[in-house]
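Residue numbers (the working numbering), protein chains in the order written: chain A, 1 to 357; chain R, 1001 to 1357.
Positions of the beta carbon are idealized from the N, C-alpha and C atoms, including for glycine.
Bear in mind that the values here come from a model prediction, so they are computed numbers and not experimental data.
Okay, so here's the structure we're looking at.
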């Protein structure tokens, strides 16, 4: 199991990086990322619903293009994500701009990112709605029958989560039943909260749109499954992205949990912009834990270049320079009791202190 | 949403308590709990496989009875769980006691505890195996077609997880493909690690049984979905059960994370034996957080007496005396930014500091 790059079993995926919308975040860090929203007409009833929303004049920085081309990654050259300016994505339309009675809004967690990792409820929710909104990478993961069954599918590649979430809400307020999708779970570094915040800012209410969250399997759990049983005791999930949380806060949190024997799932460990965060994280972990502490690394889970490795904490710093640790990687750091056996990472729950076996 | 006791929507469940096997743990705390393993013959091919295991003479304290009665909750009076003695559950049979080539062993997370919360992969895994082993409460949650499709289903009500896990492993070593099931995820206070530990103690290897973990939606995520978006930033899960972790350790962990602004999912908040742990936990949280901090309480998720409430941290101590907080409850404690809006609990991810909306 030290290298499962060739493991293409679609049923065993994590989807770690996509859950955290790393793509969207990365877009802000590169020059002139491709950004274009694509509305793919998937059935005869599409179009009308799109016309009923005032989105095109809402002032979203990320231009929505309505076309039959679902692979519009480079169909638009709007500047969404090109800077970190606070006015880059501004929500404009309010609830009073819509004449229709609002539809339903469902935030759906797709889980590991493969259809087999979705729950039955998630699939049913996507079949129930008229429209599906999401980052292109996630939309591409949906079962074909679900995409074909929707009146309209709106996807934005490498584009801001704020404008995409606003798009979903505008469509809901215009009277459509809408699902906004992401891999993992809507409550894990994802859009559940943003949807409610934007809804509030537009003068809508969660009750009026019958807001529902459909949970999914988070990346930490999907990745843990691939490694064995690394997280079966008290666990923390922490993101190294300082896009929305300051680095001093992240450092302080790392110190606190590394000291206390939690197993730690680290999201967003590395990016071109954030390599110091990774280095600092390694330094803090090594301050509190033995260099031999097992660390599970899952890279590009569920993709062709997937790799699953178990290394020692002391090796982490140098791995920051390799392809194994990048923005698609999730790290699972063991505690003082974690051990490796038969290529599996095991954190005992404590039974061995209670029972003989 | 302050009281959804009447919400019987089977699609929106948490299954919080079952994930942590509270039942099994509770059994050790009461006098003379019902303990009897039931093997329900579900198809013509059963029986033979059971006979090929040496389980009946393995010395498990929890007597396995093979019968056609799948509701054998009180069919046996063996003393499993009646004491905390370390020899109460002793693993006896070793890999050399089995003549057959071992089968496969799969630890399957059922998610929220309702069929609609299971992933497609989990259902497929259960269809692929010959036998299914689990706590009666979880087995009862399985779709009928899956139970009927299995050669044999072995369930133990209110009985020790060690003997049940050993049973699953003995059956695997005897040549059967076996799934051991639990609600939530196998990595969240569950049996993933125990299965590997017992396998090792018997001289088996994870590779030899092609050990696989199929992840599920953890209770924290299922419960968070019911509350809105309470956990969308760095989050910790912590159990108040001192059965396998000492109370000083639990207290120290609570102090550390309460100080650092994590949202906190609390598993196993209360039991007849553990009420002081709950009181101590409230005291620690109130030491570091405002009494007005929102706390989501999900009781008996997915069951008839389900209740979902959002309260203030300051109210928690007195709620320990009510039916709302018991061994079937999960608590989600907000951080300093968490607020309640339109009966939803929202922890902002930080977008509002970056974007105008």
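Quick check on residue i: does DSSP put it in helix, strand or coil?
i               : result
residue 192(A)  : helix
residue 338(A)  : coil
residue 1092(R) : coil
residue 1147(R) : helix
residue 53(A)   : With a pLDDT of 39 at residue 53(A), under the threshold of 50, the modelled position of that residue is not reliable, and the figure given next carries that caveat. The answer is coil: DSSP assigns residue 53(A) none of H, G, I, E or B.
residue 1097(R) : helix
residue 183(A)  : coil
residue 1155(R) : strand
residue 324(A)  : coil
residue 1329(R) : strand
residue 70(A)   : Low confidence applies to residue 70(A): its pLDDT is 36, below 50, so where it sits in the model is not reliable, and the reading given next is rough at best. Residue 70(A): coil per DSSP, three-state reduction.
residue 356(A)  : strand
residue 307(A)  : strand
residue 350(A)  : coil
Just to confirm before moving on: does the CB-CB distance between residue i and residue j stay below 9 Å?
i               : j               : result
residue 1291(R) : residue 1312(R) : yes
residue 215(A)  : residue 176(A)  : no
residue 240(A)  : residue 278(A)  : yes
residue 1174(R) : residue 1133(R) : no
residue 1142(R) : residue 228(A)  : no
residue 1202(R) : residue 1107(R) : no
residue 1293(R) : residue 1251(R) : no
residue 1168(R) : residue 1105(R) : yes
residue 1334(R) : residue 1295(R) : yes
residue 1220(R) : residue 1154(R) : no
residue 162(A)  : residue 139(A)  : no
residue 1350(R) : residue 244(A)  : yes
residue 378(A)  : residue 170(A)  : Outside the displayed span of chain A (1 to 357) sits residue 378(A), for which this structure offers no information.
residue 237(A)  : residue 256(A)  : no
residue 1156(R) : residue 1136(R) : yes
residue 1358(R) : residue 1111(R) : Any answer about residue 1358(R) is impossible in this case: the structure gives chain R only from 1001 up to 1357.
residue 109(A)  : residue 218(A)  : yes
residue 1274(R) : residue 1305(R) : no
residue 1102(R) : residue 1204(R) : yes
residue 1341(R) : residue 200(A)  : yes
residue 262(A)  : residue 1253(R) : yes
residue 117(A)  : residue 1346(R) : no
residue 285(A)  : residue 316(A)  : yes
residue 1231(R) : residue 1331(R) : no
Taking the beta strand (DSSP E) that residue i belongs to, which residues open and close that run?
i               : result
residue 1267(R) : 1263-1267
residue 359(A)  : With chain A represented from 1 up to 357, any question about residue 359(A) goes unanswered, as that position is not in the structure.
residue 1286(R) : Run containing residue 1286(R): none in the beta strand (DSSP E); it sits in the alpha helix (DSSP H), 1275-1288.
residue 1138(R) : No beta strand (DSSP E) holds residue 1138(R); the alpha helix (DSSP H) holding it covers 1136-1139.
residue 344(A)  : 344-346
residue 1399(R) : One cannot answer for residue 1399(R) here, as it falls past the ends of chain R, which runs 1001 to 1357.
residue 109(A)  : 105-109
Got a sec, what are the start and stop residues for the alpha helix (DSSP H) residue i sits in?
i               : result
residue 1118(R) : Here residue 1118(R) belongs to no alpha helix (DSSP H), and DSSP marks it neither H nor E.
residue 313(A)  : First-last for residue 313(A): undefined, no H or E at that position.
residue 1168(R) : 1161-1173
- Message: Ignoring anything shorter than 4 residues, give me the alpha helix (DSSP H) runs that lie fully in the region 1189-1259 of chain R, in order along the chain.
- Response: 1192-1201, 1219-1227, 1247-1259
Worksheet entry | Interfacial residues, the region 257-283 of chain A to chain R, with Cβ spacing under 8 Å | 257, 259, 260, 261, 262
Taking beta-carbon pairs under 7 Å, can you tell me which members of the region 1190-1210 of chain R lie near chain A?
1190, 1192, 1193, 1194, 1196, 1197, 1198, 1200, 1201, 1205, 1206, 1207
request  = Check each residue of the region 103-120 of chain A: if its Cβ is closer than 9 Å to any Cβ of chain R, include it; give the result in chain order.
outcome  = 107, 109, 111, 112, 114, 115, 116, 117, 118, 119, 120
Interface positions of the region 227-238 of chain A facing chain R (Cβ-Cβ less than 8 Å), listed along the chain = 228, 229, 230, 231, 232, 233, 234, 235, 236, 237, 238
Interfacial residues, the region 320-354 of chain A to chain R, with Cβ spacing under 9 Å: 341, 342, 343, 344, 346, 347, 348, 349, 350, 351, 352, 353, 354
ask   = Got a sec: which bits of the region 1294-1322 of chain R sit with their beta carbon under 9 Å from any beta carbon on chain A, in order along the chain?
value = none
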